[in-house]
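Notes for the one structure printed next.
Protein chains: 4
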Amino acid sequence: MSNKIPVAVLAATGSVGQRFVQLLDNHPWFEVVALTGSDRSIGKPYGEVCHWLLPGEMPAWAREMIVRPSTPEAVQAPLALSGLPADLARDIEPAFATAGTVICSNASAYRRAADVPILLPEINAPHVHLIEAQRRLRGWSGAITTNPNCTSTGMSIALKPLQDAFGLKRVFAVSLQALSGAGYPGIASMDIIDNVIPNIGGEEDKVEWEPRKMLGTLSGDSIEMASFGISAHTNRVAVTDGHVVTLSIELGTRAKPAEVVEVLRAYQGPKEARGLPFSPNPVIVVRDEDNRPQPRLDRMTGSGMTTVVGRVRPDSLLDIRMVVLSHNTIRGAAGGSLFNAELIARMGYLGPQYTR
Amino acid sequence: MSNKIPVAVLAATGSVGQRFVQLLDNHPWFEVVALTGSDRSIGKPYGEVCHWLLPGEMPAWAREMIVRPSTPEAVQAPLALSGLPADLARDIEPAFATAGTVICSNASAYRRAADVPILLPEINAPHVHLIEAQRRLRGWSGAITTNPNCTSTGMSIALKPLQDAFGLKRVFAVSLQALSGAGYPGIASMDIIDNVIPNIGGEEDKVEWEPRKMLGTLSGDSIEMASFGISAHTNRVAVTDGHVVTLSIELGTRAKPAEVVEVLRAYQGPKEARGLPFSPNPVIVVRDEDNRPQPRLDRMTGSGMTTVVGRVRPDSLLDIRMVVLSHNTIRGAAGGSLFNAELIARMGYLGPQYTR
Amino acid sequence: MSNKIPVAVLAATGSVGQRFVQLLDNHPWFEVVALTGSDRSIGKPYGEVCHWLLPGEMPAWAREMIVRPSTPEAVQAPLALSGLPADLARDIEPAFATAGTVICSNASAYRRAADVPILLPEINAPHVHLIEAQRRLRGWSGAITTNPNCTSTGMSIALKPLQDAFGLKRVFAVSLQALSGAGYPGIASMDIIDNVIPNIGGEEDKVEWEPRKMLGTLSGDSIEMASFGISAHTNRVAVTDGHVVTLSIELGTRAKPAEVVEVLRAYQGPKEARGLPFSPNPVIVVRDEDNRPQPRLDRMTGSGMTTVVGRVRPDSLLDIRMVVLSHNTIRGAAGGSLFNAELIARMGYLGPQYTR
Amino acid sequence: MSNKIPVAVLAATGSVGQRFVQLLDNHPWFEVVALTGSDRSIGKPYGEVCHWLLPGEMPAWAREMIVRPSTPEAVQAPLALSGLPADLARDIEPAFATAGTVICSNASAYRRAADVPILLPEINAPHVHLIEAQRRLRGWSGAITTNPNCTSTGMSIALKPLQDAFGLKRVFAVSLQALSGAGYPGIASMDIIDNVIPNIGGEEDKVEWEPRKMLGTLSGDSIEMASFGISAHTNRVAVTDGHVVTLSIELGTRAKPAEVVEVLRAYQGPKEARGLPFSPNPVIVVRDEDNRPQPRLDRMTGSGMTTVVGRVRPDSLLDIRMVVLSHNTIRGAAGGSLFNAELIARMGYLGPQYTR
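Rendered as structure tokens:
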């Protein structure tokens, strides 16, 4: 009999849900015990209702699983990975937390709640202890944890070593985002062939706020936001996977590009985030070529979990300029939630039986 | 007999040269009397040696013209539009200026010369009078004038009304540039399908310098550079035509988005730049939708000569953010040189016979 | 007061409907008197409910028109251009025909009705007289006419001169179709970037059947189908506009490529289809280059109404191979219906007052 | 000490050469002992002169290897994988064969030589014995073997089980080919964004001839060509990797789609081609969905070595229609040569020491 940790995938037929199913195939710690979906899918085999969109085949074990409703009654598991849309997550995720399930959510619904962490373990693993505040304040036996917006992800990871070494004052961020970030069917092809869409609804707010929470400090029952400021433009381009973000950065203390490259390359992250199955290794790759990172060539670095930085150079108005690439549906979505889940299991929040 | 102004097109078989030929078809003032090309093409009909890359047919009059060398001996004309690459322009353009031809160049070779104007007539028509300094200082009977880099073009035009109304302090510019800007064959398809290239060699320098010259003031025999600063990231995306630039702007005096929109919409430019055949009309269009301008939908606004602005909104760190679109091979290259040529003809620099 | 022919556009907010509105702007014969739409749009200004997707602005006259229901009660006009989807067309179009309106429909609903013509005037203008059969058999004072599927369009036009000169036995057709043919939002971007979709639902049936009706002969109250056979594969590719079809053709009598080119270039079509505002001129362009026609370069030939043929060469198993390009939303959809409407007006089927 | 088979890669810096280097990384049988390149590269480290274009890093062992000239004097190895262009291959490959090296070539130079096999081991492994004829007739101690054109590859494999079961009479093939097939820089981006190129120079000849040799029978010192005929159209589309070919097939004896699917699925190929490191497993996958295979989703099936077939259905003029997908730079180029090399090693043509 398997002694793996039972895990449910909520909204498993959607594009994030499919990535969960793909990445959970042969996971050394986790075993999928439930896949949930909408009314249209409930009671039918996953292989029949899921319009599989990823290269490679749907794992055989998933094909025959019967899709269940997204309710704690239908799904008992100590852990659930949630690909729910924000509006559904708002009600469903607390129901699971109340029932004793720890949720690792990709949705934005609870990212701004004071006692809910937005986790990127390689930069803020200690924020996971907000789970204790949640349990105390809300009476939950489970918990809700989130991963950030896919664009916030790469830039926050790349900024962390600079924050540690030099401090951060101001960041100007402009994204060139991949299509998979919009889900499926998402962006209509007629809107993006031979084109750019210079806006992504609601994204700029998230990109200006989330990194400051993630780069903030756990203080009692909440996070003290980092004090630097961010200005963001977000754009959609004709790329399948991989978000590029250009950064112009004002540091707390001056630093030369070579020093910045050095701290980026040396960065390892908190000890508790290292050596997990989905830990990025290395956390950050810095490329020396003057035209990298590029989505098609670099997005799968470190199996899609590594953040890739390039073009570290002086900024003509501030201190440092650089370009960051992150795989938006792996590090920035499903892989991120999974990494969070591994951290949570290691830290004991799934209970002693499931501590790894 | 035609009383049109004879014009030569230098490097007419290249991608900028082809646009010149296309835009000069049925021009009300100009008549092409010579097309020049490289050794490979000289002595052969243009229609035979030019690998025509534009939608629509090569004009019939061009097809039979015999390609000549790019020398003043082979080409007599009061006016020449130059699509020469910078390295060739360095020697060839002064030879023509010495021989009495006024050059409207798309090359970067002389943009930084103190007495050579970089012209965008709708924002700096008076800079054309640097021709007098050139003639005095260099003894030329012709002249060299230039148009800016295609990315500098749109952003400089969009910044001008703000400079006039509020002053400019700092500008953070990030471009998403079209493929045609790299000429032909230019970018390899394998480098851009499902991809972004986060650098364009030499471009950032130009984008940080040229707008300050164009937005500067004519002062004696040179231009006093505008004092604001620019930081630029330049990126290549899978778009055929139309450069998008995102701008975060610190103004001299605070202004609300509505005020910025108002000055952009009211902007008409110097009187001498209005009403020419290639004058943009209007100079600037401001779109209200939250996801425009887009290259495919908006690049042909005003036949490709109008600058399109959108998403005018507060910047979270500075004053104003906005997005600018400009057609890089029309307003930003061949159409720009042609517009300059019209201004020069109107201002009398081609001599009384050719003043329009 | 205008003496133009009043025309209604049915389903004016959809992608075909928008093309109708665009192409009707400044039409010399027609004046739009009504735009219809779905429940969501009725009673609101077109400019407010229509998500305009075409390059260039919505015509000013359309912006303020109030959208009406698609019923003969709400819309009185001698002529209606229909962009209705097939399922709605099935009931709505006969209602208009009963009420006295002549419908030029882009929908497939009635293409297979014995007394309804599928019109491509440059190849089968005489089929328009089926309107008389309709009126006699169905008691309509109006009529229903259709244009074919966008892929059937170009290939049928290119086959007609060959049918006339040499006869046709068998045709193997493979399409590479543009995205706009799927409407909006149509194909999801994630399905087509770096990809091909090797099927278009229902298309192959149409492509194998419609050309045989159009190339058939009017015989009494119906069309006698042409006797040749067609085999079709239909594919979707990452192109915005312009369908490419490769053809391998078995002729009735042998012919050399040069003879085929000659009959294609000489083709003028029936006299009644010439000289109308939307008549293609020329009907067919044959290109000599070995890599044309190409959608981006050639689709706007003859303002998008001309059929472009290239690579006419021997087939290694049959007689002749060639490549055909047709603009799928202009010649193959809205422009086609409009051309049909002009033919109908000329032939007197809108009544003497509206005969042109 | 390694007991692997020493292998040289000829033209290792090109796009096929890079794939060889990538696929040879950790190969269980082969060890790269030499990389060759052009004058520009000779004497320099591969990592310095090779503009690496593949996702993922260049293998560490390759980075420091010094590039050598493509001559037998500079390169001693029992086996060489050749990515040489056809014009260079014509002289260089025989020089190696004379010197005792067995060449597995991706070039077309010798495909039509009577005693040179074009190998796709899963369909014609016995053709490898032509090496004996070569050695006897030409006095070589080495040999030249080739793999076919990338478009011939997939369709030949898919046709083989049909030839065996039903016989083949006529095949109409139309390709939609990926950009990587043109090498690097290959197709200019401006030629393919929002476009299709309806010709690939020289390709149709190859596609009509090569499959007939590969599906022919070894007979003495040459191959008796298969007697069926092929007509091909070849097109370039905006896809990075993966060639799609549509086939309309006239069989020797009638067969229903279900029977065709059955023989495709049951196909295993000659025994000697099974179980090698690069043997496709399975040889053919038949997909049931009505819109597959698709390049982005299916090209990596079987690590890029499996041929994927879909849409098996009746042809309206002949017997059977279907769609074939093959990874053009893996199965259709570098992976194919490597598979051939493995077959050759197994069959003893590298000598007893290197027989596996």
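Chains as they are written, first to last, in our numbering: chain Z, 1 to 356; chain H, 1001 to 1356; chain C, 2001 to 2356; chain P, 3001 to 3356.
Every residue, glycine too, gets a C-beta built ideally from N, C-alpha and C.
CA-CA distance, Ser3303 (chain P) to Ala3273 (chain P), rounds to 17 Å. Secondary structure within the stretch 3208 to 3246 of chain P: the beta strand (DSSP E) runs of 3 or more consecutive residues, fully enclosed, are 3217 to 3219, 3222 to 3224, 3229 to 3236 (chain order).
Given a length threshold of 4 residues, each whole run of the alpha helix (DSSP H) inside the stretch 2232 to 2317 of chain C is given here in chain order: 2257 to 2266, 2295 to 2298. Under the three-state reduction of DSSP, Arg1321 (chain H) is assigned to strand.
In this structure, Cys3104 (chain P) and Ser3082 (chain P) form a Cβ contact; the two beta carbons are roughly 7 Å apart against a cut-off of 8 Å. Straight across, the Cα-Cα distance linking Tyr2354 (chain C) with Arg2112 (chain C) is about 28 Å. DSSP, read as helix, strand or coil, puts Leu3081 (chain P) in strand. Counting only the Cα atoms, Phe1228 (chain H) lies some 13 Å from Thr1217 (chain H). Chain-order list of chain H residues neighbouring Gln294 (chain Z): Asp1191, Asn1195, Val1196, Ile1197, Pro1198, by C-beta distance under 9 Å. Contact annotation, Ser2316 (chain C) with Glu3208 (chain P): C-beta distance approximately 6 Å; criterion of less than 8 Å satisfied.
The continuous beta strand (DSSP E) containing Lys169 (chain Z) extends over residues 168 to 177.
Beyond the five residues adjoining it in sequence on each side, Arg346 (chain Z) comes within less than 6 Å, by CB distance, of Arg356 in the same chain, given in chain order. Relative to Met1058 (chain H), the option among H:Asp1025, H:Gly1269, H:Met1214 whose CA is nearest is H:Asp1025.
Straight-line spacing of the CA atoms in Val2261 (chain C) and Val2286 (chain C) works out to 7 Å. Put simply, the CB of Thr2246 (chain C) is near chain P, with a gap under 8 Å to one of its CB atoms. Excluding sequence positions up to five before and after Leu3251 (chain P), its CB lies within less than 7 Å of the CB of Leu3162, Phe3166, Gly3167, Leu3168, Lys3169, Asp3319, Ile3320, all in the same chain and listed in chain order. At a beta-carbon threshold of 8 Å, the residues of chain C lying near Met1300 (chain H) are Pro2055, Gly2056, ordered along the chain. If the five residues before and after Gly1351 (chain H) are omitted, its C-beta is found closer than 8 Å to the C-beta atoms of Pro1078, all from its own chain and listed in chain order.
Shown in chain order are the members of the stretch 3214 to 3239 of chain P whose Cβ falls below 8 Å from a Cβ of chain C: Gly3229, Ile3230, Ser3231, Ala3232, His3233, Asn3235, Val3237, Ala3238, Val3239. One Cα belongs to Pro1257 (chain H), the other to Val1312 (chain H), and the distance between them is close to 6 Å. The Cβ of Leu2297 (chain C) sits closer than 8 Å to at least one Cβ of chain H. According to DSSP, Phe30 (chain Z) shares a beta bridge with Z:Ile5.
At least 8 Å separates the beta-carbon of Ala3074 (chain P) from that of Ala3107 (chain P). Closer than 8 Å to the CB of Pro3085 (chain P) there is not a single CB belonging to chain H. Spatial neighbours of Ile284 (chain Z) in its own chain (CB-CB distance under 8 Å, excluding positions within 5 residues in sequence) are listed in chain order as Ile157, Ala158, Pro161, Leu264, Arg265, Tyr267, Thr306, Thr307, Val308, Val309. Rounded to the nearest angstrom, the Cβ distance from Val16 (chain Z) to Gly37 (chain Z) is 13 Å, too far for a contact under 8 Å. In its chain, beyond the 5 residues on either side, Gly47 have a beta carbon closer than 6 Å to the beta carbon of Arg63 (chain Z). At least one CB of chain P lies nearer than 8 Å to the CB of Glu2208 (chain C).
The alpha-carbon of Arg212 (chain Z) is positioned some 17 Å away from that of Gly269 (chain Z). In this structure the stretch 1289 to 1297 of chain H does not lie against the stretch 1195 to 1203 of chain H, because fewer than three pairs of beta carbons, one per stretch, are closer than 8 Å. Cys2104 (chain C) has C:Leu2081, C:Thr2145 as its beta-bridge partners, per DSSP.
It is roughly 24 Å from the alpha-carbon of Ser2337 (chain C) to the alpha-carbon of Val2049 (chain C). Against chain C, the beta carbon of Asp3290 (chain P) has neighbours under 7 Å at Asn2199, listed in chain order.
Within the same chain, and ignoring the five residues on either side of Ala1095 (chain H) in sequence, the residues whose Cβ sits closer than 6 Å to its Cβ are Pro1072. By the beta-carbon neighbour count (other beta carbons within 10 angstroms, threshold 16), Ala1060 (chain H) is exposed. Counting along the chain, the unbroken alpha helix (DSSP H) around Val2049 (chain C) starts and ends at 2046 to 2049.
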